[in-house]
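*Asks:* Have a look at this one.
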């Protein structure tokens, strides 16, 4: 479409994919890892936004914004995924999307996700507890 008063074309790119919170642990060089045992970390654990859908959206926005692709066309990127926007990991992913300039469209349809069936988590959710 054409914006009124300008000659810039407007395009929308929609990406549907996954978003994860990746947790990084850096082990001490002297630590011999034993399955089920303890390990010494060389620095605190860090959490970063990740997932192939989120990374694709991030990289696409970087290309659009840093290589002049948006000069004659206004390109908007929408990333569609499912997150719990109320927990720390969902907030991390939401913040990442804002920081990198793409729209995050959360397609979560329930506060009672089916992935919790068969775990102790479903009784906590049903009683109004934390997810």
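In my numbering, the protein residues as written are 1 to 131.
Just so you know, even glycine gets a beta-carbon here, dropped at the ideal spot from N, CA and C.
1) With a threshold of 6 Å on Cβ separation, who are the neighbours of residue 80 within its own chain once the five nearest residues in sequence on each side are excluded?
2) What's the C-alpha gap between residue 33 and residue 24?
3) Quick check on DSSP: helix, strand or coil for residue 13?
4) Helix, strand or coil for residue 90? Go by DSSP, reduced to three states.
5) Just the Cα atoms here: how many angstroms apart are residue 52 and residue 109?
6) Using DSSP with H/G/I as helix, E/B as strand and the rest coil, what is residue 49?
7) Taking the alpha carbon of residue 27 as the point to measure from, which residue in 12, 67, 43, 75 has its own alpha carbon closest?
8) Can you say whether residue 14 is buried or exposed, counting buried as having 16 or more other CB atoms within 10 angstroms of its CB?
9) I need the straight-line Cα distance from residue 56 to residue 84, nearest angstrom please.
10) Would DSSP call residue 21 helix, strand or coil?
*Replies:* Let's see:
1) Taking the first residue of the chain shown as position 1, residue 80 is located at position 80. The residues are 16, 105, 107.
2) As a first step, residue 33 must be located in the chain shown, where it is residue number 33. As a first step, residue 24 must be located in the chain shown, where it is residue number 24. Whole-angstrom Cα-Cα distance: 16 Å.
3) Here residue 13 corresponds to residue number 13 of the chain shown, with the count starting at 1. Reduced to three states, the DSSP call for residue 13 is strand.
4) Numbered from 1 along the chain shown, position 90 holds the residue referred to as residue 90. Helix, per DSSP.
5) As a working mapping, residue 52 is identified with position 52 in the chain shown. As a working mapping, residue 109 is identified with position 109 in the chain shown. Residue 52 and residue 109: Cα-Cα distance of roughly 22 Å.
6) Numbered from its first residue, the chain shown carries residue 49 at position 49. Correct three-state label for residue 49: strand.
7) To locate residue 27, count along the chain shown from 1; it is residue 27. That would be 43, whose Cα lies nearest to the Cα of residue 27.
8) Within the chain shown, residue 14 is the residue found at index 14, counting from 1. Classification for residue 14: exposed.
9) Sequence index remark: in the chain shown, residue 56 carries index 56 (1-based). Sequence index remark: in the chain shown, residue 84 carries index 84 (1-based). Straight-line Cα distance between these residues: approximately 20 Å.
10) If you number the chain shown from 1, residue 21 lands on position 21. Strand.
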